[in-house]
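Engineer: Handing you a structure now.
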Amino acid sequence: MEYSHSRLLLVCSVLMLCLCSGVAKCDKLTSELTGDFYDYTCPGLYTIVQQHVFAAMRDEMRMGASLLRLHFHDCFVNGCDASILLVGETGEQFARPNQNSVRGYEVIDAMKADIESVCPGVVSCADIVALAAAYGVLFSGGPYYEVLLGRKDGLVANKTGAENGLPAPFEPVSSIVQKFGDVGLDTKDVVVLSGAHTIGRARCGLFNNRLTSSGDPTLDSKMAANLQSLCTTGGDNQTTALDVESADVFDKQYYQNLLSKKGLLSSDQNLFSGAEDVVKATTKALVQTYSDDGEQFFMDFGASMVKMGSIKKTGVPGEIRTNCRVPNK
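In mature numbering (1 follows the signal peptide of the UniProt record, and there is no 0), the protein residues as written are -26 to -1, 1 to 303.
Below, the structure written as structure tokens:
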């Protein structure tokens, strides 16, 4: 049976209310972040975030992927501390990997304003970003996973850290594995979290390196021709779906695309087609597993998201920002 986007959102919303009615009592998995952190201090948190994500995705289904990317790009720099939300010319928003890529800031601002009206000074922006990403996945048809909470917001942004630490679509898989390793994630996490590209879009400027006159042997020729036409007409800022087969649905199709040379970014396709023997043996096997077993992908994706969401911030202690865009005075 085929579902419209609005129907998919409604089904996921009902599921979420059943699994997590308002406050989500969950087992504590770590001594620092817990699933019930706001049960008594801000019990309406889940409902507020859920409603905002639902509304944003109803207006633009792509927003689910954008909120997920926002969380990912935040956690890889200084840990998950909402430093990506801080404004200013030296902010992470102005780093090359984030310009014309990361979005959803206004959605987070709206959530924060509503949360502050009922629970002032209680909920961190970093926790809001983490929750919003989880709902973005769920409302796209992806897995429900418990979001551990209790983060503090960072006091400073790190533009240099964003430019040097975030994986790029042009990098070899071994380099991406290294960057994941630098924040405590492993090769399996690389393959699993790359599966987030089952939703969302990318600019031509991020993959036109594959559209050469000699052709890319790891890219399906028909797909290459279509992309060449698209990017010639629209330029580097023209966007297209990362998953050419099921653009807005969170499923295992991303991995099946890699098997048929339909991965949009070279960093994606190289998980299956790359020439690096040691890394390739691991990533290729995982791609094959998830292309066959969507349930395993969903289970592992949730585990990797919890792991990524637990990347620790370093340096001075954080705070609970009143305004997500600026530190408290």
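Where a beta carbon is used, it is the ideal one built from N, C-alpha and C, also for glycine.
Source: prediction; values computed, not measured.
Is residue 66 buried or exposed, if buried means 16 or more other CB atoms sit within 10 Å of its CB?
Structural biologist: Walking along the sequence shown from the start, residue 66 turns up at place 92. With 16 or more Cβ atoms within 10 Å of its Cβ, residue 66 is classed as buried.
Engineer: Taking three-plus beta-carbon pairs below 8 Å as touching, is the stretch 94 to 105 in contact with the stretch 266 to 273?
Structural biologist: no
Engineer: Count the other CB atoms, across all protein chains shown, that sit within 10 Å of the CB of residue 74; report buried if there are 16 or more and exposed otherwise.
Structural biologist: Here residue 74 is taken as the residue at index 100 of the sequence shown, counted from 1. Classification for residue 74: exposed.
Engineer: For residue 158, is the classification buried or exposed, using 16 other Cβ atoms within 10 angstroms of its Cβ as the cut-off for buried?
Structural biologist: As a working mapping, residue 158 is identified with position 184 in the sequence shown. Exposed, since its Cβ has fewer than 16 Cβ neighbours within 10 Å.
Engineer: So does the stretch 103 to 123 actually touch the stretch 24 to 32, counting three or more Cβ pairs closer than 8 Å?
Structural biologist: yes
Engineer: For residue 300, which three-state DSSP category applies?
Structural biologist: Here residue 300 refers to the residue found at position 326 when the sequence shown is read from its first residue. Residue state, collapsed to three classes: coil.
Engineer: Got a sec? Which residues, its chain only, sit under 6 Å from residue 141 by beta carbon, not counting five neighbours each side?
Structural biologist: Position 167 of the sequence shown, counted from the first residue, corresponds to residue 141. 150 and 153, listed in sequence order.
Engineer: Tell whether a beta-carbon distance below 8 Å holds between residue 40 and residue 77.
Structural biologist: Indexing the sequence shown from 1 puts residue 40 at position 66. Indexing the sequence shown from 1 puts residue 77 at position 103. Their beta carbons are under 8 Å apart, which means residue 40 touches residue 77 by this criterion.
Engineer: Which residues in the same chain as residue 180 place their Cβ atom closer than 7 Å to its Cβ, once the five residues preceding and following it in sequence are excluded?
Structural biologist: Residue 180 sits at position 206 when you count from the first residue of the sequence shown. Closer than 7 Å at the Cβ level, and outside the excluded window around residue 180, lie 143 and 239.
Engineer: Grouping DSSP H, G and I as helix and E and B as strand, with all else coil, what is residue 55?
Structural biologist: On the sequence shown, residue 55 is found 81 positions in, with the first residue counted as 1. Note: residue 55 maps to coil in three-state DSSP.
Engineer: Could you pull out every residue in the same chain whose Cβ sits closer than 6 Å to the Cβ of residue 167, ignoring the five residues on either side in sequence?
Structural biologist: Your numbering for residue 167 matches position 193 in the sequence shown. 278.
Engineer: Which runs of the beta strand (DSSP E) spanning at least 3 residues fall entirely within the stretch 172 to 212, listed in chain order?
Structural biologist: Counting only runs that start and end inside the stretch 172 to 212, the beta strand (DSSP E) elements of at least 3 residues fall at 175 to 177.
Engineer: Tell me, please, which residues DSSP counts as bridged to residue 293.
Structural biologist: For the purposes of this step, residue 293 is taken as the residue at position 319 of the sequence shown. Residue 293 is bridged to 127.
Engineer: Since residue 8 sits in a beta bridge, which residues does DSSP pair it with?
Structural biologist: Walking along the sequence shown from the start, residue 8 turns up at place 34. Answer by DSSP bridge pairing, in chain order: 123.
Engineer: According to DSSP, is residue 29 helix, strand or coil?
Structural biologist: Position 55 of the sequence shown, counted from the start, is the residue given in the question as residue 29. Helix.
Engineer: Going by DSSP, name the residue or residues bridged to residue 106.
Structural biologist: Within the sequence shown, numbered from 1, the residue matching residue 106 stands at position 132. Bridge partners of residue 106: none, in fact.
Engineer: What's the gap between the Cα of residue -5 and the Cα of residue 253?
Structural biologist: Locating residue -5 in the sequence shown gives position 22, where the first residue counts as 1. Locating residue 253 in the sequence shown gives position 279, where the first residue counts as 1. Low local confidence applies: a pLDDT of 35 at residue -5 is under 50, so the model's placement there is unreliable, with the coordinate-based value given in what follows. When rounded, the distance between both Cα atoms is 42 Å.
Engineer: Kindly give me the distance between the Cβ atoms of residue 194 and residue 247, rounded to whole angstroms, as I take these residues to be in contact under 8 Å.
Structural biologist: In the sequence shown, counting from the first residue as 1, residue 194 sits at position 220. In the sequence shown, counting from the first residue as 1, residue 247 sits at position 273. The pair is not a contact, with the Cβ atoms about 11 Å apart (cut-off 8 Å).
Engineer: Label residue 69 either buried or exposed according to how many other C-beta atoms from any shown protein chain fall within 10 Å of its C-beta, with 16 as the threshold for buried.
Structural biologist: On the sequence shown, residue 69 is found 95 positions in, with the first residue counted as 1. Residue 69 comes out buried.
Engineer: How big is the Cα-Cα spacing for residue 42 and residue 189?
Structural biologist: Counted from its first residue, the sequence shown places residue 42 at position 68. Counted from its first residue, the sequence shown places residue 189 at position 215. Those two C-alpha atoms are separated by around 32 Å.
Engineer: So is residue 72 buried or exposed if we call it buried at 16+ other beta carbons inside 10 Å?
Structural biologist: As a position in the sequence shown, residue 72 is number 98, starting the count at 1. By the 16-neighbour rule on beta-carbons within 10 angstroms, residue 72 is buried.
Engineer: Provide the residue span of the alpha helix (DSSP H) that contains residue 285, from first to last.
Structural biologist: The residue given as residue 285 occupies position 311 in the sequence shown. Residue 285 -> no alpha helix (DSSP H), and no H or E assigned at all.
Engineer: Taking 8 Å as the cut-off, decide whether the C-beta atoms of residue 126 and residue 102 are in contact.
Structural biologist: In the sequence shown, residue 126 corresponds to position 152, counting from 1. In the sequence shown, residue 102 corresponds to position 128, counting from 1. Going by C-beta atoms, residue 126 is not nearer than 8 Å to residue 102.
Engineer: Looking only at its chain, what residues have a beta carbon closer than 8 Å to the beta carbon of residue 132, apart from the 5 residues adjacent to it on each side?
Structural biologist: Here residue 132 corresponds to residue number 158 of the sequence shown, with the count starting at 1. Around residue 132: 51, 52, 57 and 66.
Engineer: Taking the straight line between their C-alpha atoms, what separation do you get for residue 257 and residue 218?
Structural biologist: Locating residue 257 in the sequence shown gives position 283, counting from the first residue. Locating residue 218 in the sequence shown gives position 244, counting from the first residue. If you take the alpha carbons of residue 257 and residue 218, they lie about 21 Å apart.
Engineer: Under the three-state reduction of DSSP, which class applies to residue 170: helix, strand or coil?
Structural biologist: As a position in the sequence shown, residue 170 is number 196, starting the count at 1. Residue state, collapsed to three classes: helix.
Engineer: Look at the alpha carbon of residue 285 and the alpha carbon of residue 135, and state the distance between them as a whole number of angstroms.
Structural biologist: Here residue 285 refers to the residue found at position 311 when the sequence shown is read from its first residue. Here residue 135 refers to the residue found at position 161 when the sequence shown is read from its first residue. Near 15 Å, if we compare the C-alpha coordinates of residue 135 and residue 285.
Engineer: Is the beta carbon of residue 88 closer than 8 Å to that of residue 292?
Structural biologist: Here the question's residue 292 lines up with position 318 in the sequence shown. Here the question's residue 88 lines up with position 114 in the sequence shown. In terms of Cβ geometry, residue 292 and residue 88 do not form a close pair [threshold 8 Å].
Engineer: Can you give me the start and stop residues for the alpha helix (DSSP H) that residue 235 sits inside?
Structural biologist: In the sequence shown, residue 235 corresponds to position 261, counting from 1. Here residue 235 belongs to no alpha helix (DSSP H), and DSSP marks it neither H nor E.
Engineer: Rounding to the nearest angstrom, what Cα-Cα distance links residue 14 and residue 92 in this structure?
Structural biologist: Reading the sequence shown from its first residue, position 40 is the one you call residue 14. Reading the sequence shown from its first residue, position 118 is the one you call residue 92. Straight-line spacing of the CA atoms in residue 14 and residue 92 works out to 13 Å.
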